[in-house]
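Numbering (this note's numbering), first residue to last: 6 to 260.
As structure tokens, this is what we get:
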């Protein structure tokens with residue numbers, strides 16, 4: 006009898022090992038490092054989110070494979086350096102999930118999000134890696150990172166009691182943007198965006214997801230404008246473009 010076929014993950018790891026072989030591998034793959042691969046990892050995560058938003062399960066399968074490849078790629082580089090391998094990664098996340106769900110895998114009587122956050126806070130404290138804001142990844146999208154920083158600050162009491170505070174802060178920041186010198190304008194716009202994220206958080210709105218949806222809506226409506234204009238709006242006046250935009254909005258609302 007022949008040898009049994011390797012598992013899918015074993016096959017993928019073997020493929021990556023061959024791609025990274027310094028003699029027989031792919032020239033591009035061999036040259037990659039954690040730093041050069043990281044942007045692709047982020048991009049693939051967004052491709053997964055996009056497939057989910059479109060409810061395209063066929064595409065989701067492909068995008069999850071691309072994302073898994075990134076995990077295997079990073080793990081292979083680490084294995085070559087003697088740091089850890091894919092099995093260590095899988096073991097670490099399994100251990101973490103069991104540790105953070107003691108009501109399922111342990112003896113705790115209750116669980117839920119509050120217990121998850123408590124255990125995470127205990128883990129951060131055990132690492133002794135700094136203050137309340139330490140460990141929020143620099144590579145996160147800016148809106149998402151702003152929200153995470155605000156949530157961390159809120160846990161130690163640095164937060165508005167309700168949504169009125171951040172809403173008033175937006176007006177303040179708008180005035181500062183308007184009054185700012187050119188050299189200070191980017192900083193003031195950043196403060197304004199931070200304030201908007203804070204207000205969204207108090208309203209229970211995910212600012213990153215909300216902006217993603219707004220982007221998709223703009224793309225959809227702009228494409229509809231181009232169709233209505235016969236292919237392009239470049240030769241239309243601004244007034245005509247505005248009329249097309251309003252017509253598209255009305256059509257969407259009409260269903």
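Glycine included, C-beta positions come from ideal geometry on N, C-alpha and C.
Please classify residue i as buried or exposed, where buried requires at least 16 neighbouring CB atoms within 10 angstroms.
| i | result |
| --- | --- |
| residue 171 | buried |
| residue 33 | exposed |
| residue 205 | buried |
| residue 151 | buried |
| residue 108 | exposed |
| residue 21 | buried |
| residue 213 | buried |
| residue 155 | buried |
| residue 110 | exposed |
| residue 29 | exposed |
| residue 104 | exposed |
| residue 257 | exposed |
| residue 62 | exposed |
| residue 243 | exposed |
| residue 25 | buried |
| residue 91 | buried |
Which residue's Cα is closest to the Cα of residue i: the options?
| i | options | result |
| --- | --- | --- |
| residue 78 | 44, 96, 200 | 44 |
| residue 145 | 41, 46, 176 | 46 |
| residue 221 | 100, 169, 59, 251 | 59 |
| residue 94 | 81, 106, 104 | 81 |
| residue 247 | 233, 19, 259 | 233 |
| residue 35 | 70, 85, 55, 181 | 85 |
| residue 178 | 195, 168, 188 | 195 |
| residue 161 | 239, 138, 88 | 138 |
| residue 175 | 219, 199, 188 | 199 |
| residue 208 | 167, 243, 67 | 167 |
Can you give me the C-alpha to C-alpha distance between residue i and residue j, rounded to a whole angstrom?
| i | j | result |
| --- | --- | --- |
| residue 165 | residue 143 | 24 angstroms |
| residue 148 | residue 202 | 7 angstroms |
| residue 96 | residue 249 | 55 angstroms |
| residue 53 | residue 64 | 8 angstroms |
| residue 3 | residue 18 | It is not possible to answer for residue 3, since the shown part of the chain is limited to 6 through 260. |
| residue 40 | residue 87 | 17 angstroms |
| residue 55 | residue 13 | 25 angstroms |
| residue 173 | residue 226 | 31 angstroms |
| residue 217 | residue 70 | 23 angstroms |
| residue 193 | residue 72 | 36 angstroms |
| residue 224 | residue 189 | 31 angstroms |
| residue 101 | residue 112 | 16 angstroms |
| residue 10 | residue 16 | 9 angstroms |
| residue 197 | residue 182 | 8 angstroms |
Helix, strand or coil for residue i, going by three-state DSSP, please let me know.
| i | result |
| --- | --- |
| residue 161 | coil |
| residue 226 | helix |
| residue 75 | helix |
| residue 175 | helix |
| residue 38 | coil |
| residue 210 | coil |
| residue 31 | coil |
| residue 251 | helix |
| residue 112 | coil |
| residue 70 | helix |
| residue 63 | helix |
| residue 46 | helix |
| residue 91 | helix |
| residue 140 | coil |
| residue 26 | coil |
What is the C-beta distance between residue i and residue j, in whole angstroms, given that I count them as a contact (C-beta under 8 angstroms)?
| i | j | result |
| --- | --- | --- |
| residue 253 | residue 230 | 6 angstroms |
| residue 68 | residue 49 | 7 angstroms |
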